[in-house]
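If you're matching them up, the sequences are chains G and F in order.
Using my numbering, you'd call the opening residue of the first sequence number 1 and step up by one each time.
Using my numbering, you'd call the opening residue of the second sequence number 1001 and step up by one each time.
Think of the CB as a built atom: it goes at the ideal place given N, C-alpha and C, for glycine as much as any other residue.
One structure below.
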Amino acid sequence: VRSWFGRKVDASFLEDLEARLIQADVGVAATGRIVARVQESFADKTAGEDLVEFVRNELKALLDDPRKSTLAEAETGPTVYLIAGVNGSGKTTSIAKLSQRLKEGNRTILLAACDTFRAAASDQLEIWAGRAGVDLVKGSPGADPASVAHDACDRALARKIDVLIVDTAGRLHTQQHLMRELEKVRNVISRKIPGSPHEVLLVLDATNGQNAIRQAEIFTKSIGCTGVILTKLDGTAKGGIVVSIRQTIGLPVKFVGVGEGIDDLQPFDPSAFVDSLLE
Amino acid sequence: DMQKRLAGAIGRFRARGILTEANIQDGLKEVRDALLEADVNFQVVQEFMAEVGKKAVGAQLIRSVRPEQQIVKIVHDELVNLMGPVDPTIRFSNSGPTVLMLCGLQGSGKTTTCGKLARLLAAQGRKPLLVAADLQRPAAVEQLRLIGNQLGVPVYTEEKGDPVAVCQNGVAEANRRNLDTVILDTAGRLHVDDELMNELTRIEKKVKPHQVYFVCDALTGQDAVSSAGVFNEALELDGVILTKLDGDARGGAALSVKKVTGVPIKFVGKGEKLDKIESFDPERMVGQMLG
Ligand SMILES: Nc1nc2c(ncn2[C@@H]2O[C@H](COP(=O)(O)OP(=O)(O)OP(=O)(O)O)[C@@H](O)[C@H]2O)c(=O)[nH]1
Ligand SMILES: Nc1nc2c(ncn2[C@@H]2O[C@H](COP(=O)(O)OP(=O)(O)OP(=O)(O)O)[C@@H](O)[C@H]2O)c(=O)[nH]1
Ligand SMILES: [Mg+2]
Ligand SMILES: [Mg+2]
């Protein structure tokens, strides 16, 4: 961005700005809108700090969330968070990190291993539960995920657990029967624990491109997502997809994953995110 | 779809005989946007559009073919050309076991793909051994063990140790048991993690795999070029396997990876089950990409 300073805001400058944003996965439409706004306000002027501030603010305005990274909690009884997303996005690992974080408020945590499909899925969550020092409810392989969710809710109520986090199997939003399965899990939870799930978090891989928007759209239609956990931001992908997702679907980013360790979860900071996007 | 988009943009060509630079600009902008929306890397799109522009300008308008169909055909053929040639065969060694090493970013589908390859090769009469060299991810070894069990394919595991040693010991095991193909499952890693990238080059030096495959998630956006590029520089890849193509991802990463590394895409993953692997079909890939 420093390299922009002193340049005339002409067609070639606007093309470079467009390239920067598209390469950050901001997408054609959202980029087009931002470039048009810059052209409106700065055409033929000299690029300087104020132009950079302008672009920063355009992006930050889109990403800001008055609720910040606070997660909704139940008035009374267990709080339930449902975690979903496509295959390999980082759901199970993010749940481990979230448990670690929520535990620090002296809350009792219970995890539900509702991925009964993939090889060693519950073993994986079980190891993480052990490391986080929290309990786990799992079913037998191939069991109906909704029945595991049902049992987990029973235990959360019986033991007066503060937070129940439900892990689900990865699935592509194009797999209708799997989206129905996910809706069934959500319905079981909301019937057993009124007012739940208190958050439905969509886990998105920062390396994903424009398909993430489709994911957000369909998962939200299906189970009412309330926020995003954006993972693998410790790589080189910028995760610009969250800009369009906020703009078109309204989902705020709650947390970002920045590594494979149990402490590698940070509350979403729009300012830091935008700085990294533009660098 | 692409044809409708172009029809909107270049409907006015019909009166003319030749596609000139001026009258195809709108059409080409539509193609460019479509490729960017399909997640093809920005630089790759720029270079590609320059090539297409050259081919399109001066092309005679065929009377019976609508101009937008012609541009789509030029783009389509140029893309198919870039994505090929297709070679789903694996060159097997004729002295000792053939070693295949799978690598890639976290969650791209390596472990599942190792299972798919084992199943495919067993069906071809080979005797594969799966090697669980991911000692870092919780239950990764168990995941591969379960996959092996499901397929009736042996799995070499060590619960603790060093991934390089596990790979070497895995090959020794194959030699001992007269198994002719070794499939190494490695831990997901970032191309910017020097220590873990070094681990891969150490495995390559010690084990000398006959084939190194980069497993790439078809959902990948602009970053595909960085990750594939660095893996290729470190390991000189023999092939790319594109996973999760059973969704509605346009898969532009395929073009980016091919263009930047020159490495052929050999197989695609079309689902979670172990029979969901196919040889790469450039025509179908281009159809999916152009939406
Ligand atoms: N570098 C990095 N890796 C991550 C991050 N989050 C998750 N991973 C890794 O991504 C891989 C997949 O993570 P999982 O938690 O198994 O993903 P998942 O969504 O539960 O996968 P499925 O259940 O199979 O759909 C693992 O190797 C994780 O260690 C992150 O923030 N950074
Ligand atoms: N739909 C679909 N899912 C796939 C495909 N290939 C793998 N998966 C799923 O993607 C997720 C990740 O697969 P893994 O095989 O664990 O990925 P990995 O690369 O070994 O992950 P790490 O070892 O953590 O880096 C799992 O849920 C798989 O079932 C595919 O072709 N299509
Ligand atoms: Mg999982
Ligand atoms: Mg794996």
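Listed by position along chain G, the residues whose Cβ is nearer than 9 Å to that of F:ASP1246 are LEU172, THR174 and GLN175. Set against 8 Å, the gap from the CB of F:GLY1291 to the closest heavy atom of ligand 4 is not smaller. The beta carbon of F:VAL1075 sits no closer than 9 Å to any beta carbon of chain G. Counting C-beta pairs closer than 8 Å gives fewer than three between the stretch 184-200 of chain G and the stretch 115-133 of chain G, which falls short of the contact rule. Assignment of alpha helix (DSSP H) within the stretch 221-275 of chain G, counting only whole runs of 4 or more residues, yields 241-248 in chain order.
Chain G places no beta carbon closer than 9 Å to that of F:VAL1268, leaving this residue out of the contacts. G:GLN210 belongs to the set of residues whose beta carbon lies under 9 Å from a beta carbon in chain F. ALA19, ILE22, GLN23, ALA24 and ASP25: these are the residues of the stretch 11-26 of chain G whose beta carbon lies less than 8 Å from some beta carbon of chain F, given in chain order. A residue is called buried once 16 or more other Cβ atoms fall within 10 Å of its Cβ, and F:THR1089, having fewer, is exposed. Contacts with chain G at 9 Å (Cβ-Cβ) include F:GLN1222. The alpha carbon of F:GLY1161 has as its nearest neighbour, out of F:GLY1251, F:PRO1097 and F:ASP1134, the alpha carbon of F:ASP1134.
Taken in chain order, the members of the stretch 1233-1261 of chain F whose beta-carbon sits within less than 8 Å of a beta-carbon on chain G are LYS1244, ASP1246, GLY1247, ASP1248, ALA1249, ARG1250, GLY1252 and ALA1253. Take the alpha-carbon of F:LEU1274 and the one of G:ASP64: they are about 42 Å apart.
Taking the beta carbon of G:ASP234 as reference, the chain F residues within 7 Å of it are LEU1190, listed in sequence order.
In this structure, the straight-line span from the alpha carbon of G:ALA158 to that of F:VAL1212 is close to 52 Å. When 8 Å is used as the limit between beta carbons, G:TRP4 is near no residue of chain F, the shortest such separation being about 17 Å. For F:GLY1188, the CB falls within less than 8 Å of some heavy atom of ligand 4. The C-beta of G:GLU75 has fewer than 16 other C-beta atoms within 10 Å across all chains shown, which makes the residue exposed. With respect to the 9 Å criterion, G:ASP205 and F:LEU1219 are classified as neighbours on the basis of their beta carbons. Burial state of F:GLN1136 is exposed, judged by a 10 Å Cβ sphere holding fewer than 16 other Cβ atoms. Nearest CB-CB separation between G:VAL28 and chain F: below the 9 Å threshold. F:SER1108 reaches chain G at GLY88, counting residues in chain order whose Cβ is nearer than 8 Å.
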